[in-house]
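Going down the list, the sequences are from chains X and F. Note that the working numbering has the first sequence beginning at 7, numbered continuously upward. Note that the working numbering has the second sequence beginning at 25, numbered continuously upward.
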Amino acid sequence: MAKKQDKDLMESGAKVRLGTSDKIIRGFGYTFLTLYSICCIIPFIIIVSTSFTSETVIRAEGVQFLPKDITLTAYSMVTKSGGIWWSYLVTIILTVVGTGIGLSIISMTGYALQRKDFPFRNGISFFIYFTSLFQAGLAPYYLLMTQTYHLKDSYLAVLLPLLMSPWLIILMKNFVKAIPHEITESGKIDGAGDMRIFVSLILPMLKPALATIGLFLALGYWNEWYQSSLFLSSNTPVKPLQFTLYEIVNKTDMLKNSVAGQFINLADIPQESVKMANAVLATGPIILLYPFVQKYFISGITVGAVKG
Amino acid sequence: MGKATVQVPKRKSDLTFFQKVKRSRVLLLMCLPAILFFIAFSYAPMPGIWVAFVRYNYRDGIFGSKFIGLDNFEFLATSGKLLSLTKNTILYNLAFILFGNFLAVFVAILLNEMRSKWFKKVSQTIMFLPYFISQVLVGILVFNLLNYDTGFVNGILTSMGMERWQPYSDASVWPPIMILVYLWQQTGYNSVVYFAAIMGIDGEMMEAAKVDGANGFQRIRYIILPSLKPTIVILLLFALGGIVKGNFGLFYNIVGTNPMLYSTTDIIETYVYRATVAEFNFSTASAVGLYQSVIGFIIVMAVNYIVKKIEPDYSLF
Numbered sequence: 007m008a009k010k011q012d013k014d015l016m017e018s019g020a021k022v023r024l025g026t027s028d029k030i031i032r033g034f035g036y037t038f039l040t041l042y043s044i045c046c047i048i049p050f051i052i053i054v055s056t057s058f059t060s061e062t063v064i065r066a067e068g069v070q071f072l073p074k075d076i077t078l079t080a081y082s083m084v085t086k087s088g089g090i091w092w093s094y095l096v097t098i099i100l101t102v103v104g105t106g107i108g109l110s111i112i113s114m115t116g117y118a119l120q121r122k123d124f125p126f127r128n129g130i131s132f133f134i135y136f137t138s139l140f141q142a143g144l145a146p147y148y149l150l151m152t153q154t155y156h157l158k159d160s161y162l163a164v165l166l167p168l169l170m171s172p173w174l175i176i177l178m179k180n181f182v183k184a185i186p187h188e189i190t191e192s193g194k195i196d197g198a199g200d201m202r203i204f205v206s207l208i209l210p211m212l213k214p215a216l217a218t219i220g221l222f223l224a225l226g227y228w229n230e231w232y233q234s235s236l237f238l239s240s241n242t243p244v245k246p247l248q249f250t251l252y253e254i255v256n257k258t259d260m261l262k263n264s265v266a267g268q269f270i271n272l273a274d275i276p277q278e279s280v281k282m283a284n285a286v287l288a289t290g291p292i293i294l295l296y297p298f299v300q301k302y303f304i305s306g307i308t309v310g311a312v313k314g
Numbered sequence: 025m026g027k028a029t030v031q032v033p034k035r036k037s038d039l040t041f042f043q044k045v046k047r048s049r050v051l052l053l054m055c056l057p058a059i060l061f062f063i064a065f066s067y068a069p070m071p072g073i074w075v076a077f078v079r080y081n082y083r084d085g086i087f088g089s090k091f092i093g094l095d096n097f098e099f100l101a102t103s104g105k106l107l108s109l110t111k112n113t114i115l116y117n118l119a120f121i122l123f124g125n126f127l128a129v130f131v132a133i134l135l136n137e138m139r140s141k142w143f144k145k146v147s148q149t150i151m152f153l154p155y156f157i158s159q160v161l162v163g164i165l166v167f168n169l170l171n172y173d174t175g176f177v178n179g180i181l182t183s184m185g186m187e188r189w190q191p192y193s194d195a196s197v198w199p200p201i202m203i204l205v206y207l208w209q210q211t212g213y214n215s216v217v218y219f220a221a222i223m224g225i226d227g228e229m230m231e232a233a234k235v236d237g238a239n240g241f242q243r244i245r246y247i248i249l250p251s252l253k254p255t256i257v258i259l260l261l262f263a264l265g266g267i268v269k270g271n272f273g274l275f276y277n278i279v280g281t282n283p284m285l286y287s288t289t290d291i292i293e294t295y296v297y298r299a300t301v302a303e304f305n306f307s308t309a310s311a312v313g314l315y316q317s318v319i320g321f322i323i324v325m326a327v328n329y330i331v332k333k334i335e336p337d338y339s340l341f
């Protein structure tokens, strides 16, 4: 009797402990994650807010969390010249063409390298993988691109280097690995060639992989500024979106850092609100699209975490 | 299955090289564009590494310029430049790796403890968002928060009657800022892997622990953390493999070409970039780049060796 009571007591005690510790963890978790999420989003809100604030208010009071008076001046200044729409066009073309070509090559390669009966698969895999272990470095790459390939001020200098990466090919291999080898075998028995098997049997099963890798490629092209900064000079009239943004920021920096500051015409410095309006226009499409495609990125990260 | 796969290559190995090529010509053709790509953009620049050993001038080109042996390296080493760049790059990476993984595990565990599906989804979406924006925008965000004239932080300081803060001319404040920005941008991404690993933990084990009266802290301490250990170890090791590779986009877009901040923010990548694009000093740039590639290669090899010892399945090759 006494024992039973003891046991009951212990059980109820355990239940209470379990309850409180869970409550503490959950309470802390909700608080921490909420605060952390707010930190993640505040900079975005400030940017949007600044883009709608008039320059005089910014000069007088600094950037604000919420705009004091909403004005569209910055947006009309950005869109008036029309330059931003040309940048949009260039970026969209680069993104679509680059993602299309890259995806075709990556999926073909990923499939071939995963075929157990392909005698060169290890050799080629290593040939590709080695490029992520050892690189020539920026200077030799720059000299090759500009002096041997003559790609200075060519959009190809932006399009080509972003077509694929060893990581994306490994990711595709991991996706292909999940498709049973019997599919290929059955195609062979039916007398289909390798290309035919790939196009009509394998590709339809790779749809989630194509979505995931396509989105990584598209994100890379949309956010591209690095190759542009290397190879596109003032001789290229229309720059991709992010590089346009980069140039606006850099212009401000340059003017501010220059020693001959007194000769600068203040009107030459891009206004804060205009900078932010550019930033909103260049990033907007991603932020609007992203909640719908997030799951593909997550699957890519988890599949890619295991090596191929 | 295992037997069949062993037998297939055995039969194939009897074929001569040309027979193999002929039989698998379609698969080879499927790989050809990728092979050409890596030849054109990764292997073709390699002979150009020679520029690190010459005094480069445009007229004579890489292979016609005067050979000066290791002079470029010697200059970099004796001037202390190489040491300070290496130090900055490695210390930043160590901080990124340690704080980054700690916060990612922390966030993943908390996310897993949340019961509201809606809350999980929304907070994960928001935390992942900074990963998707360009580094250019990250630079703008930081400038928008911190600049002297119109920055958000200075607005708050002024409204509280405090003095304005001038981080863009004070090198000493940048290490913590860079680390915070890195964490802000990467934690959503980094926690995905850990979150997936927690989801993969055997549900029965969790239930059994609950029945045995393990409380929330005990479940985290004795089940979740030990289950995450292999993932953490492997990810840490691979991250260490890239410890001499700096995050160029982050540093260049935030610091730009502001010499006042170089002492604490100049990493190998930013130095090489400026030497190449702004100063056209290809020989110095390439010397630093080669030094970085060689050290990086040695470290990756060492890491792979260690991973192979601990967990052969995860080794790179």
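All residues carry an ideal CB built from backbone N, CA and C; glycine is no exception.
Less than 8 Å separating the beta-carbons of residue i and residue j?
| i | j | result |
| --- | --- | --- |
| residue 171 of chain F | residue 52 of chain X | no |
| residue 108 of chain X | residue 179 of chain X | no |
| residue 132 of chain F | residue 203 of chain F | no |
| residue 208 of chain X | residue 195 of chain X | no |
| residue 1 of chain X | residue 255 of chain X | Limits of chain X in this structure are 7 at one end and 314 at the other, which puts residue 1 of chain X out of reach. |
| residue 218 of chain F | residue 174 of chain F | no |
| residue 270 of chain F | residue 327 of chain F | no |
Using the C-alpha atoms, what's the distance from residue j back to residue i?
| i | j | result |
| --- | --- | --- |
| residue 150 of chain X | residue 73 of chain F | 11 Å |
| residue 207 of chain F | residue 126 of chain F | 10 Å |
| residue 321 of chain F | residue 140 of chain X | 6 Å |
| residue 59 of chain F | residue 339 of chain F | 24 Å |
| residue 79 of chain X | residue 159 of chain X | 33 Å |
| residue 267 of chain X | residue 129 of chain F | Only weak support exists for where residue 267 of chain X lies, its pLDDT of 45 falling under 50; the coordinates are left without a value. |
| residue 7 of chain X | residue 305 of chain X | With a pLDDT of only 41 at residue 7 of chain X, under the threshold of 50, the placement of this residue in the model should not be trusted; the figure read from the coordinates follows. Distance between the alpha carbons of residue 7 of chain X and residue 305 of chain X is about 56 Å. |
| residue 319 of chain F | residue 268 of chain F | 7 Å |
| residue 164 of chain F | residue 40 of chain F | 59 Å |
| residue 125 of chain X | residue 141 of chain F | 48 Å |
| residue 49 of chain F | residue 67 of chain F | 23 Å |
| residue 230 of chain F | residue 38 of chain F | 52 Å |
| residue 25 of chain F | residue 220 of chain F | Its pLDDT being 38, under 50, residue 25 of chain F is placed unreliably in this model, and the value from its coordinates should be taken loosely. Approximately 29 Å, taken between the alpha carbons. |
| residue 265 of chain X | residue 119 of chain X | With a pLDDT of only 46 at residue 265 of chain X, under 50, the local geometry of the prediction cannot be trusted, and the value read off the model is given with reservation. Going from the Cα of residue 265 of chain X to the Cα of residue 119 of chain X covers about 56 Å. |
For chain F, is any of its Cβ atoms less than 8 Å away from the one on residue i?
| i | result |
| --- | --- |
| residue 178 of chain X | no |
| residue 278 of chain X | yes |
| residue 145 of chain X | yes |
| residue 231 of chain X | yes |
| residue 167 of chain X | yes |
| residue 252 of chain X | yes |
| residue 256 of chain X | yes |
| residue 28 of chain X | yes |
| residue 149 of chain X | yes |
| residue 361 of chain X | Residue 361 of chain X lies beyond the stretch modelled for chain X, which goes from 7 to 314, so this question has no answer here. |
| residue 100 of chain X | no |
Classify residue i as helix, strand or coil using the three-state DSSP reduction.
| i | result |
| --- | --- |
| residue 269 of chain F | coil |
| residue 309 of chain X | helix |
| residue 265 of chain X | Because residue 265 of chain X carries a pLDDT of 46, less than 50, the predicted location of this residue cannot be relied on, and the following value inherits that uncertainty. DSSP places residue 265 of chain X in coil when its eight states are reduced to three. |
| residue 71 of chain X | coil |
| residue 91 of chain F | strand |
| residue 79 of chain F | strand |
| residue 93 of chain X | helix |
| residue 49 of chain F | helix |
Step through the CB atoms of chain X and report whether any lies within less than 8 Å of the CB of residue i.
| i | result |
| --- | --- |
| residue 93 of chain F | no |
| residue 333 of chain F | no |
| residue 235 of chain F | no |
| residue 112 of chain F | no |
| residue 300 of chain F | yes |
| residue 137 of chain F | yes |
| residue 88 of chain F | no |
| residue 77 of chain F | no |
Taking C-beta pairs closer than 9 Å, name the residues in chain F that residue i reaches, listed in chain order.
| i | result |
| --- | --- |
| residue 296 of chain X | 149, 152, 153, 156 |
| residue 142 of chain X | 66, 67, 68, 69, 70, 71, 72, 73, 310, 313, 314, 317 |
Could you list which residues in chain X have their beta carbon closer than 7 Å to that of residue i, in chain order?
| i | result |
| --- | --- |
| residue 178 of chain F | 68 |
| residue 58 of chain F | 111, 115, 134, 170, 175 |
Whose Cβ in chain F lies nearer than 8 Å to the Cβ of residue i?
| i | result |
| --- | --- |
| residue 281 of chain X | 164 |
| residue 56 of chain X | 168 |
List, in chain order, every chain X residue whose beta-carbon is nearer than 8 Å to that of residue i.
| i | result |
| --- | --- |
| residue 336 of chain F | Correct list: empty, because the minimum Cβ distance to chain X is about 12 Å. |
| residue 174 of chain F | 64, 65, 68, 69, 278 |
At a CB-CB cut-off below 7 Å, which residues of chain F make contact with residue i?
| i | result |
| --- | --- |
| residue 300 of chain X | 149, 152 |
Output, in chain order, the set of chain X residues within a Cβ distance shorter than 9 Å of residue i.
| i | result |
| --- | --- |
| residue 249 of chain F | Those do not exist, as residue 249 of chain F stays about 14 Å from chain X at its closest Cβ, beyond 9 Å. |
Next on the checklist: Under 7 Å, CB to CB, which of the residues in the stretch 215-230 of chain F have a partner in chain B?
Outcome noted: The chain inventory of the structure shown lacks chain B, comprising the protein chains X and F.
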